[in-house]
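Accompanying notes for the structure given below.
Protein chains in written order, with our numbering: chain A, 133 to 430; chain B, 539 to 1090; chain C, 58 to 187.
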């Protein structure tokens, strides 16, 4: 399977801070990828590196087999919606579409116009007077009408109300179903992405903590509860991600590839929400300087 | 890209076109009358006196408009630099739209090239048109009065405004690219443009062509000025009066054929001064003219156009250099950390109100027998109250009562009073020993003041104990299951209280002790009053048991 | 045409919910052989879920022999679920009611009965891998 984004030791440094570090990812094509992490973790940095707005300080990144931002051909294969969906406030919706046509080789004006019509946007309305949700839909239309192979969206849902969020995701999924684009969607809210993503990358404190297919991750993580127990007594094949104890009871979130056979444990499934929170809090406890010992699951 | 750049530029172009149109209209209205006035008065004047009157009247016509137009041409390039050049790129950075523009299908260089090119061309066109219109309108006026090489005047006519505009535009654009903010870019455009213009005007223009020299005789009409100083009298010629028309006079010296200036003694004899200048100006001039002449350093009028072209080339060259700088800068990675955080950063909301208790296990969970972790004992005390459960009639805890000989039930009420437990690290043997050594209870159990047993620790043996604050009473051991369980009974009015003590080892080298109290008989409800106190005492005594066992 | 719903709180995988809803529709007669299922595009445009989920559900249904895709036209129902005999259902309802009466008389509450039922069902029907 070809990878849409492949990074190798990718890092970006500003002065003395590393915005992103030791990033090794192989994101397969045809997936809807959730890029999750707290604010400032490095998600935007990764996306900007993938789209050529930034150049790496260390390591390499390959997008669709080419150098990010390298020439009009490469730019035409990747659609990008930046955080806060910037648009030209003085230009109308219709003029934005014309801009798309002027600047992109493979521009589908019909698709763009029909989508704008479906969304109920007035082509003569200036982009500056659109609501956040409408601007996000406009930005998505601009990104998709150039018929890219990969869509990168930086926190597209952040400033949208719940209805706008739902409509945006409906539109996005429809696009994925129709055109088969790969999508990478970043957010600090996992709740919105649970229903749409089938691959997840968790970035905390400028490092990738977890990356893999959602179904595989959910199958290999379990919540164990039972009598109080030192987690170090667990077999080595079971990695503890999160633990909490009362005086009588222990609850652990473990990653294990074989089934848990110890009868002392009650084994429950884990939701994606639990998983993300567990890795995020584990990363915080480990501290940003230490490399995640658990590495990357693929 | 060109069409897109035009799309973005349309509004500014429209404003400029509108302004130019207004100027054109004004000039078209007033121009012809000016020409007519010139033709009828100045050109046609015959006598000296009439001519000077006509000239004065003519040059005063539309005076404010003249000033305004010159001002407009002077400021035009500056405005272009500040309002066309500076926002060109910096606006895109400030609004974040560069992230939209640079991820379309055009490379950054091409994007910049088209925007810069279009803007520069438009600037030059606008400045050129303005200059053309104003120069045409002022042509007769210039004929009459203006000095073509006037430092300011030179810059508001003919070709040079085009160069100025191109330079100002690219300066603004480069500043915008460098600072990525509009205000610093505009200020840089303002200051930079003014500085460069001043430098070129003062220190480059005079040296672009070497000046000519010429000797002119001193005539009665030459405006000489005399100055009396410490060394005597010196004489100067006012450069304004030198009669080389339309030339740029650099300097005038009074010198003789050898190049020497008149000496003070000569001047004292030739031009004695009164209060208002030489006493006899005509004689003075004649005497000077006999031996001296004016040595003029100047640029002839013919140098006007070459200078215009040269200055145009200088400024166009500067514009090209700045443009090159822009291209070099655009290749740098541009979105630094300041651009990553959006201005209104959304707060990360808790996706779920979750109480994840991430208790760090005390680093020394020691499995060794000796040593007792303070945490575990503290834990017990902390949970002592909570570790006691109260149950009432009827609802028993299924499965918590261990199997085994159970006190026979009386007819009537059986009531569970409470159950207290504690878990701690200790050796089960040691705990059992402590717990069943009745005589030593008061040593570790604060709640017991006196205790004694009439015999070995076996079923059927009687004992006596006094709780603090009580009168004390007897108890009987009714069951003993070594190292696991023992049961005692205390008689109370209309019944008895049964205490069951169990001990079980749990994982991690720990021991769990449980004490349950059950009331049999009619006085049960009364005992409820004492239950809280008993519970507290029991919890404390179990904790004390734990502490004591640790220190064995 | 069937309209799918999604219950995010149920803990059941999305694709499984879609499969179950098709089963339910077949059972109730809402879907019959020859009916067309909504396209993945239509489903996700309403539910905002990953299209692969829909495709996975449809593949599962195809494996069960209930649907078949026709290229260019859509996915069509081709089979039915075995429906149980109404008379047999009535008979079991009677015996269950009797059993429930006895259980209640013995002091079992609704939660106890539910626990017993779930244990029994789990034991009898070995559930396939989810």
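Note that beta-carbon positions come from the ideal geometry of N, C-alpha and C, so glycine has one too. Please read all numbers here as calculations on a predicted model, not as lab measurements.
Spell out the partners DSSP gives residue 358 of chain A in its beta bridges.
Indexing the first chain from 1 puts residue 358 of chain A at position 226. In DSSP, residue 358 of chain A forms a bridge with A:382.
Is there a C-beta anywhere in chain C that falls below 8 Å from the one on residue 308 of chain A?
Working through the first chain from its first residue, we reach residue 308 of chain A at position 176. Yes - at least one Cβ of chain C is within 8 Å of the one on residue 308 of chain A.
Quick one, are the C-beta atoms of residue 764 of chain B and residue 811 of chain B less than 8 Å apart?
Position 226 of the second chain holds residue 764 of chain B. Position 273 of the second chain holds residue 811 of chain B. Contact: yes.
How would you list, in chain order, the residues of chain A whose beta-carbon sits under 9 Å from the beta-carbon of residue 539 of chain B?
Translated into positions along the second chain, residue 539 of chain B becomes position 1. In chain order: 234 and 235.
If the criterion is Cβ atoms closer than 8 Å, does the pair residue 701 of chain B and residue 845 of chain B meet it?
Here the question's residue 701 of chain B lines up with position 163 in the second chain. Here the question's residue 845 of chain B lines up with position 307 in the second chain. Taking 8 Å as the Cβ cut-off, residue 701 of chain B and residue 845 of chain B do not qualify as a contacting pair.
On a CA-only basis, which of A:325, A:326, A:397 and A:402 is nearest residue 484 of chain A? Give me that one, please.
Here chain A has residues from 133 to 430 only, and residue 484 of chain A is not among them.
To the nearest angstrom, report how far apart residue 181 of chain A and residue 638 of chain B are at their CA atoms.
Taking the first residue of the first chain as position 1, residue 181 of chain A is located at position 49. Taking the first residue of the second chain as position 1, residue 638 of chain B is located at position 100. Approximately 15 Å between the Cα atoms of the pair.
When the Cα of residue 280 of chain A is compared with those of A:211, A:172 and A:205, which residue comes out closest?
Position 148 of the first chain, counted from the first residue, corresponds to residue 280 of chain A. Nearest of A:211, A:172 and A:205 to residue 280 of chain A, Cα basis: A:211.
Run the CB neighbour count on residue 563 of chain B, radius 10 Å, all protein chains shown included, and call it buried at 16 or more, exposed below.
The residue given as residue 563 of chain B occupies position 25 in the second chain. The residue in question, residue 563 of chain B, is exposed, as its Cβ has fewer than 16 Cβ neighbours within 10 Å.
Our contact map puts residue 996 of chain B next to residue 1088 of chain B with C-beta atoms below 8 Å; I'd like the distance itself, whole angstroms only.
Translated into the one-based positions of the second chain, residue 996 of chain B becomes position 458. Translated into the one-based positions of the second chain, residue 1088 of chain B becomes position 550. Residue 996 of chain B to residue 1088 of chain B, Cβ: 28 Å. No contact.
Should residue 798 of chain B be labelled buried (16 or more other beta-carbon atoms within 10 Å of its own) or exposed?
Numbered from 1 along the second chain, position 260 holds the residue referred to as residue 798 of chain B. Exposed: under 16 other Cβ atoms inside 10 Å.
In chain order, what residues of the same chain lie with their CB nearer than 8 Å to the CB of residue 167 of chain C, ignoring the 5 residues before and after it?
On the third chain, residue 167 of chain C is found 110 positions in, with the first residue counted as 1. Counting only Cβ-Cβ distances below 8 Å, and skipping sequence neighbours, we find nothing.
With a threshold of 7 Å on Cβ separation, who are the neighbours of residue 236 of chain A within its own chain once the five nearest residues in sequence on each side are excluded?
Looking up residue 236 of chain A in the first chain gives position 104. Closer than 7 Å at Cβ, skipping near neighbours: 208 and 278.
Compare the C-beta of residue 159 of chain C against all C-beta atoms of chain A and say whether one is closer than 8 Å.
In the third chain, counting from the first residue as 1, residue 159 of chain C sits at position 102. No - not a single Cβ of chain A is within 8 Å of the one on residue 159 of chain C.
For residue 549 of chain B, decide whether its Cβ has a neighbour in chain A, counting only Cβ atoms nearer than 8 Å.
Reading the second chain from its first residue, position 11 is the one you call residue 549 of chain B. Yes, residue 549 of chain B lies at the interface with chain A (some Cβ there is under 8 Å from its Cβ).
Are the CB atoms of residue 148 of chain A and residue 338 of chain A nearer to each other than 8 Å?
Within the first chain, the letter at position 16 stands for residue 148 of chain A. Within the first chain, the letter at position 206 stands for residue 338 of chain A. No, they are not a contact pair.
Note down, in chain order, each residue of its chain lying with its Cβ closer than 7 Å to the Cβ of residue 345 of chain A, except the 5 sequence neighbours on either side.
Here residue 345 of chain A refers to the residue found at position 213 of the first chain. 330 and 331.
Determine the chain A residues that contact residue 176 of chain C at a beta-carbon separation under 7 Å, and present them in chain order.
Along the third chain, read from residue 1 onward, the residue named residue 176 of chain C stands at position 119. Result: empty, since nearest Cβ-Cβ is about 15 Å, beyond 7 Å.
When you compare the segment 143 to 158 of chain C with the segment 99 to 116 of chain C, are there three or more beta-carbon pairs, one atom per stretch, that lie closer than 8 Å?
They do not touch, by the three-pair rule.
Between residue 424 of chain A and chain B, is the shortest Cβ-Cβ distance under 8 Å, so that the two count as touching?
If you number the first chain from 1, residue 424 of chain A lands on position 292. Per-residue confidence for residue 424 of chain A stands at a pLDDT of 39, beneath the threshold of 50, marking its modelled position as unreliable; the derived number appears in the next sentence. No, residue 424 of chain A lies away from the interface with chain B (no Cβ there is under 8 Å from its Cβ).
Could you tell me if residue 757 of chain B is buried or exposed, where buried requires 16 or more neighbouring beta carbons within 10 angstroms of its beta carbon?
Stepping through the second chain from its first residue, residue 757 of chain B is reached at position 219. Burial call: exposed.
In chain B, which residues lie less than 7 Å from residue 231 of chain A when you measure between Cβ atoms?
Within the first chain, the letter at position 99 stands for residue 231 of chain A. Those are 542 and 545, listed as they occur along chain B.
Is residue 155 of chain A close to chain C? Criterion is C-beta to C-beta, closer than 8 Å.
Translated into the one-based positions of the first chain, residue 155 of chain A becomes position 23. By this cut-off, residue 155 of chain A is not an interface position.
Within 8 Å (strictly less), CB to CB, does residue 69 of chain C reach chain A?
For the purposes of this step, residue 69 of chain C is taken as residue 12 along the third chain, with counting starting at 1. Not an interface residue.
Short check: CB of residue 1005 of chain B to CB of residue 985 of chain B, under 8 Å?
In the second chain, the residue the question calls residue 1005 of chain B occupies position 467. In the second chain, the residue the question calls residue 985 of chain B occupies position 447. Yes, they are a contact pair.
Quick one: which residues of the segment 350 to 377 of chain A get their C-beta closer than 9 Å to a C-beta of chain B? List them in chain order.
Flagged, chain order: 359, 360, 361, 362, 363, 364, 365, 374, 375, 376 and 377.
Suppose contacts are defined by Cβ-Cβ distances below 8 Å. Is residue 669 of chain B in contact with residue 611 of chain B by that definition?
On the second chain, position 131 is the one that residue 669 of chain B refers to. On the second chain, position 73 is the one that residue 611 of chain B refers to. Yes. Within cutoff.
Quick test of your reading: residue 554 of chain B and residue 615 of chain B, contact by CB under 8 Å. State the CB separation rounded to the nearest angstrom.
Residue 554 of chain B sits at position 16 when you count from the first residue of the second chain. Residue 615 of chain B sits at position 77 when you count from the first residue of the second chain. Not a contact, Cβ separation roughly 12 Å.
With which residues is residue 809 of chain B paired in a DSSP beta bridge?
Stepping through the second chain from its first residue, residue 809 of chain B is reached at position 271. BP columns for residue 809 of chain B are empty, so no partner.
Identify the continuous alpha helix (DSSP H) that holds residue 678 of chain B and give its terminal residues.
Mapped onto the second chain, residue 678 of chain B falls at position 140. Its alpha helix (DSSP H) spans residues 646 to 682.
Can you check which of these residues, A:373, A:361, A:319 and A:313, is closest to residue 109 of chain C by C-alpha distance?
Against the third chain, residue 109 of chain C aligns to sequence position 52. Here the closest residue by C-alpha is A:313.
Thinking C-beta only, is residue 192 of chain A closer than 8 Å to residue 142 of chain A?
The count along the first chain starts at 1 and reaches residue 142 of chain A at position 10. The count along the first chain starts at 1 and reaches residue 192 of chain A at position 60. For residue 142 of chain A and residue 192 of chain A, yes; Cβs fall inside 8 Å.
Are three or more beta carbon pairs between the segment 269 to 277 of chain A and the segment 225 to 234 of chain A nearer than 8 Å?
Short answer: they touch.
List the residues of chain C that residue 387 of chain A touches, going by C-beta distances under 8 Å, in chain order.
Counting from 1 along the first chain, the entry for residue 387 of chain A is found at position 255. What residue 387 of chain A touches in chain C: nothing, since even the nearest Cβ is about 19 Å away.
Using a beta-carbon distance cut-off of less than 9 Å, what residues from the segment 91 to 110 of chain C approach chain A?
From the segment 91 to 110 of chain C, only 96, 97, 98, 99, 100, 101, 102, 103, 104, 105, 106, 107, 108, 109 and 110 have a Cβ closer than 9 Å to chain A.
Along the segment 1019 to 1040 of chain B, what residues have a CB closer than 9 Å to any CB found in chain A?
For the segment 1019 to 1040 of chain B, which is checked against every Cβ of chain A, not one residue is closer than 9 Å.
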